[in-house]
Amino acid sequence: MTTTDKAPVRAWLPTMLTLAAIWGCSFLFISVGVRELPPLYLALGRVSTGSVVLLAILVVKRESLPRDPKLWMHSFVVGAIGSAIPWTLFGYGEERIPSLLAGIWNGITPLIVLPIAVLIFRTETFSVQRGLGLVIGFAGMLVVLGAWHVQGGADLTGQALCMLAAVSYGLAIPYQKRFIAGTALSGTALSASLLLSATIQLAIVAPIVTGQAPPAPWSLSIEVVGSVVALGALGSGLAFVLSMRNIRLIGASRSSMVTYLMPVFSIMVGVIVLHEQIAWYQPVGGLIVLFGVAVSQGLLGSPRRKPVVTPEAPATT
Numbered sequence: 001m002t003t004t005d006k007a008p009v010r011a012w013l014p015t016m017l018t019l020a021a022i023w024g025c026s027f028l029f030i031s032v033g034v035r036e037l038p039p040l041y042l043a044l045g046r047v048s049t050g051s052v053v054l055l056a057i058l059v060v061k062r063e064s065l066p067r068d069p070k071l072w073m074h075s076f077v078v079g080a081i082g083s084a085i086p087w088t089l090f091g092y093g094e095e096r097i098p099s100l101l102a103g104i105w106n107g108i109t110p111l112i113v114l115p116i117a118v119l120i121f122r123t124e125t126f127s128v129q130r131g132l133g134l135v136i137g138f139a140g141m142l143v144v145l146g147a148w149h150v151q152g153g154a155d156l157t158g159q160a161l162c163m164l165a166a167v168s169y170g171l172a173i174p175y176q177k178r179f180i181a182g183t184a185l186s187g188t189a190l191s192a193s194l195l196l197s198a199t200i201q202l203a204i205v206a207p208i209v210t211g212q213a214p215p216a217p218w219s220l221s222i223e224v225v226g227s228v229v230a231l232g233a234l235g236s237g238l239a240f241v242l243s244m245r246n247i248r249l250i251g252a253s254r255s256s257m258v259t260y261l262m263p264v265f266s267i268m269v270g271v272i273v274l275h276e277q278i279a280w281y282q283p284v285g286g287l288i289v290l291f292g293v294a295v296s297q298g299l300l301g302s303p304r305r306k307p308v309v310t311p312e313a314p315a316t317t
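Numbering (the UniProt record's numbering), first residue to last: 1 to 317.
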């Protein structure tokens, strides 16, 4: 069970900042990786590398993978909608748009989580304040998109793909909260099951969709190989364990606040490392989105008001 009203800030804030840095920089690594790898194979390299890292940690800790078939079924679902699908979509998106813009689109994830959690999984309740936050966030999305002068083409397609990736995350988070987070297994074991499930899925789908075998690692540049390793070892392996820790400490909804900070890191590394440029309205729209998220989650209310904690159904990730 999560303890959103008990965990002190010092217990989860450093972890959240570390996650924001790792995941914010992952858009840089994706942008480098798709220069030589099809997005499906980039995603496969990421999940397989992350799986190896987590399995090694399990061996050192003398822990085992989950044994419950039902838990593996839920892991297979989350592995698809929380890893395989969105990471592939971001790869295809970043073939068309800058990495920092992909990072901005990732910031809409909490706006997607709320209506899905309310209408489908029924793990959240709706209110006028949350409705207002969704409206503000939707307006911010239109600003990021530059809806007043959209003319189609690669830029629009790339942004749409990144938006769909965020929608996939939005499905995965409440599903994970509903069916996975309550198990007694360690975050390492649970994260390994998710990545192994995604590895199996992509290993089957990638050759069929691309029509080609995976490229040999020695045929790739050192930058691309390093990007795959960083995405897997840090963005998937270590980050998954840290994320599961925060979900257990402060709950799935509040832990998703990491997406507020990720665009900051994605913009910084995109500008400094890749020398990317974006239109003025895209970061402005991103700020409007984050403001809408803050309103929808009640982060701008009185600091004296404590959140009401309702019992959550046992989760199984």
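We treat Cβ as the ideally placed atom computed from N, Cα and C, and that holds for glycine. From a predicted model like this one, the values you see are computed outputs, not experimental measurements.
- For residue 279, the closest C-alpha among the options 145, 87, 29, 292 is that of 145.
- With respect to residue 84, residue 47 sits close: the two C-beta atoms are nearer than 8 Å.
- By the criterion of a C-beta distance shorter than 7 Å, residue 244 is surrounded in its chain by 187, 190, 191, once the five residues flanking it on both sides are discounted.
- For residue 257, the number of other beta carbons within 10 angstroms of its own is at least 16, and it is reported as buried.
- Scanning its chain for C-beta atoms nearer than 8 Å, with the 5 sequence neighbours on each side dropped, one finds around residue 49 the residues 228, 229, 231, 232, 233, 236, 237, in chain order.
- DSSP, read as helix, strand or coil, puts residue 96 in coil.
- With respect to the C-alpha of residue 16, the residue from 281, 239, 111, 286 having the closest C-alpha is 239.
- CA-to-CA, the gap between residue 157 and residue 86 works out to about 15 Å.
- Only residues of its own chain outside the window of five on either side were considered, and among them 105, 106, 108, 109, 112 have a CB closer than 7 Å to the CB of residue 166, listed in chain order.
- For a cut-off of 8 Å, the C-beta gap from residue 261 to residue 7 is around 18 Å, too long to register as a contact.
- Apart from sequence neighbours up to five positions away, the residues of its chain that approach residue 276 with a beta-carbon distance below 7 Å are 98, 99, 100, 270, ordered along the chain.
- In this structure, residue 39 sits away from residue 82, with a CB-CB distance that is not shorter than 8 Å.
- Here residue 53 is buried, its C-beta having at least 16 other C-beta atoms within 10 Å.
- Within the same chain, no Cβ atom closer than 6 Å to the Cβ of residue 160 is found once the five residues on either side in sequence are excluded.
- In the three-state reduction of the DSSP assignment, residue 125 falls in the coil class.
- Rounded to whole angstroms, residue 284 and residue 140 show a C-alpha spacing of 8 Å.
- Less than 8 Å separates the beta-carbon of residue 295 from that of residue 133.
- Judged by beta-carbon spacing, residue 55 lies beyond the 8 Å limit of residue 193, meaning their Cβ atoms are not closer than that value.
- For residue 9, the closest C-alpha among the options 72, 199, 254 is that of 254.
- In the DSSP assignment, residue 74 falls within the alpha helix (DSSP H) that extends over 69–79.
- Residue 20 sits away from residue 291, with the two beta carbons spaced by 8 Å or more.
- If the five residues before and after residue 210 are omitted, its C-beta is found closer than 8 Å to the C-beta atoms of 38, 40, 41, all from its own chain and listed in chain order.
- In the structure shown, the three-state DSSP call for residue 14 is helix.
- Scanning 282, 70, 27, 199 for the CA closest to the CA of residue 93 turns up 27.
- Relative to residue 96, the option among 30, 116, 130, 75 whose CA is nearest is 30.
- Residue 177 sits buried, since 16 or more C-beta atoms from the chains shown fall within 10 Å of its C-beta.
- Residue state for residue 210 is assigned as helix, using DSSP reduced to three classes.
- Relative to residue 195, the option among 22, 12, 78, 137 whose CA is nearest is 78.
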